[in-house]
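Undergrad: If you read the sequence shown in my numbering, its first letter stands for residue -4, the second for the next number, and so on.
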Amino acid sequence: MHKVIISLAILVLLVPLVSSSFADTVQIIIMRGSADQQVSRTFSPPSTNALVGETIEWSNGDQVIHSVTSGTPDNPDSRFDSGPIELGQSFSYTLTVADVGIIHFYDKKYPWMTGTLNVQSSQTGYKIINNVGADAGDGKTTFNVQYASPKDIVSAVVDPKDKSVTFTLVGKVNSSSTLVLNLPTGLVDAPFLGIQLDGQFIKNFTVESQIGMNVIKIPINPLTEQVSIVGSSVVPEFGPIAGMILVVSIIATIIVARFRLGHKLV
-4 MHKVIISLAI LVLLVPLVSS SFADTVQIII MRGSADQQVS RTFSPPSTNA LVGETIEWSN
56 GDQVIHSVTS GTPDNPDSRF DSGPIELGQS FSYTLTVADV GIIHFYDKKY PWMTGTLNVQ
116 SSQTGYKIIN NVGADAGDGK TTFNVQYASP KDIVSAVVDP KDKSVTFTLV GKVNSSSTLV
176 LNLPTGLVDA PFLGIQLDGQ FIKNFTVESQ IGMNVIKIPI NPLTEQVSIV GSSVVPEFGP
236 IAGMILVVSI IATIIVARFR LGHKLV
């Protein structure tokens, strides 16, 4: 019997996490208790930024069936309609150029549940370095980082011990410029303890906080080769799946120990 309990625990905990590790999927959770009109937070986050090409995934973390429809209760716009989202299940929608702007969404059965998406096209002049964070933890939690610079970022190294991300830049330029980094909070989060250029701390940088992201502007010179961002946290040492497996293993050990103890007492 205890083996069945352990197996069910593993399935319940891991199923919602299958697609949560990838940065091109924006997660929105339907919170537990959302069917109660008195609850203040139903969709989490209630409002978020997203880029064309990214996939929005609404996951039902409540104990009742929900749905997600684009528009407002008074004016659905037929952009998407999830139909019933069962307990522990999810609905996904991939953003296109036609979606740029503000998208409202709500739950048909519980119309007080509303949220918004601020959909942006890929910013002109920005480049992307993919799979940042693949060298940290189990390598399953990665992010695509947008940046603007006359130089190119060729690598990014995450150091969980120092809570830092170091970007390596290449390219020949003739004058000083500004490196703009759009850093997801899941990769490295504020407050930032310092920024280094080739190992030297600087103070003349700016940070603008946005939903799910910090925009950092850093002055660099033609010789700058490495930029290190030291935050208060970085991508988890263990990805969500590995972390949950650890938790399940602990729970399983406790269950087995109690089961054996019960047999000894009988």
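For each residue, glycine too, the CB sits at the ideal point set by N, CA and C.
Treat the numbers as computed from the prediction; the structure is a model and nothing was measured.
Please determine, among PRO106, PHE138, ILE25, the residue with the shortest C-alpha to C-alpha distance to GLU49.
TA: The residue with the shortest Cα to Cα distance from GLU49 is PHE138.
Undergrad: With distances taken Cα to Cα, identify the nearest neighbour of VAL21 among GLN32, ILE206, MET108, TYR105.
TA: Among GLN32, ILE206, MET108, TYR105, the Cα nearest to that of VAL21 belongs to ILE206.
Undergrad: Would you kindly work out how many angstroms separate the C-alpha atoms of LEU192 and LEU218, rounded to a whole number?
TA: Between LEU192 and LEU218, the C-alpha separation is close to 10 angstroms.
Undergrad: Which same chain residues, not among the five before or five after ALA143, have their C-beta less than 6 angstroms away from its C-beta?
TA: Only GLY120, TYR121, VAL175 meet the Cβ criterion.
Undergrad: Tell me the DSSP secondary structure of ASP94 in three-state form.
TA: Reduced to three states, the DSSP call for ASP94 is helix.
Undergrad: With respect to the beta strand (DSSP E) encompassing THR50, which residues constitute its N-terminal and C-terminal limits?
TA: Counting along the chain, the beta strand (DSSP E) containing THR50 begins and ends at 50 to 55.
Undergrad: Per DSSP, MET108 forms a beta bridge with which residues?
TA: Bridge partners of MET108: none, in fact.
Undergrad: In terms of residue numbering, what span does the beta strand (DSSP E) encompassing PRO214 cover?
TA: Unbroken beta strand (DSSP E) run through PRO214: 208 to 215.
Undergrad: Who are the near neighbours of VAL63 in its chain, counting only those whose CB is closer than 6 angstroms to its CB and skipping five residues on each side?
TA: For VAL63, where only same-chain residues beyond five positions count, the Cβ hits under 6 angstroms are TRP53, SER77, PHE86, PHE100.
Undergrad: Label ASP31 either buried or exposed according to how many other C-beta atoms from any shown protein chain fall within 10 Å of its C-beta, with 16 as the threshold for buried.
TA: So ASP31 ends up on the exposed side.
Undergrad: Please classify THR173: is it buried, with 16 or more other beta-carbons within 10 angstroms of its beta-carbon, or exposed?
TA: Looking at its Cβ environment, which holds fewer than 16 other Cβ atoms inside 10 Å, THR173 is exposed.
Undergrad: Which residues in the same chain as VAL149 place their Cβ atom closer than 7 angstroms to its Cβ, once the five residues preceding and following it in sequence are excluded?
TA: The answer, listed in chain order, is THR163, VAL165.
Undergrad: In angstroms, rounded to a whole number, what distance separates the CA positions of ALA237 and ASN216?
TA: The predicted position of ALA237 is uncertain, since its pLDDT is 44 and thus under 50; a value taken from the coordinates is nonetheless stated next. Spanning the two alpha carbons is a distance of roughly 41 angstroms.
Undergrad: According to the neighbour-count rule (16 or more other Cβ atoms, all chains shown, within 10 Å of its Cβ), is ILE123 buried or exposed?
TA: Exposed is the call here.
Undergrad: Considering THR201, what are the terminal residues of the beta strand (DSSP E) in which it resides?
TA: It spans 201 to 205 - the beta strand (DSSP E) in which THR201 sits, taken as one unbroken run.
Undergrad: Among GLY83, LEU82, ASP130, LYS103, which residue has its Cα nearest to the Cα of ASP69?
TA: Checked all of GLY83, LEU82, ASP130, LYS103; the closest Cα to ASP69 is LYS103.
Undergrad: Nearest CA to the CA of ALA93: which residue from ILE190, GLN115, ALA151?
TA: The option with the nearest alpha carbon to ALA93 is GLN115.
Undergrad: Taking DSSP as the reference, what is the three-state secondary structure of ARG74?
TA: Of the three classes helix, strand and coil, the one that applies to ARG74 here is strand, per DSSP.
Undergrad: State the beta-bridge partners of LEU46 as determined by DSSP.
TA: Per DSSP, GLN115.
Undergrad: Buried or exposed, going by whether 16 or more other CB atoms sit within 10 Å of the CB of THR201?
TA: Looking at its Cβ environment, which holds fewer than 16 other Cβ atoms inside 10 Å, THR201 is exposed.
Undergrad: Mind checking whether LYS158 and VAL222 have CB atoms under 9 angstroms apart?
TA: No, these two residues do not count as a Cβ contact at 9 angstroms.
Undergrad: Find the nearest neighbour of ALA90 within the set ILE80, TYR105, TRP107, LEU112, judged by alpha-carbon distance.
TA: Before going further, note that residue 90 is Leu rather than Ala in the sequence given. Looking at the Cα atoms, LEU112 is the closest of the given residues.
Undergrad: Around the Cβ of ASN125, are there at least 16 other Cβ atoms within 10 angstroms (buried) or fewer (exposed)?
TA: Label assigned to ASN125: exposed.
Undergrad: Report the three-state DSSP secondary structure of ASN126 (helix, strand or coil).
TA: Strand at ASN126.
Undergrad: Ends of the beta strand (DSSP E) at LEU182?
TA: First-last for LEU182: undefined, no H or E at that position.
Undergrad: Rounded to a whole number of angstroms, what is the C-alpha to C-alpha distance between THR43 and VAL183?
TA: Roughly 18 angstroms separates the two Cα atoms.
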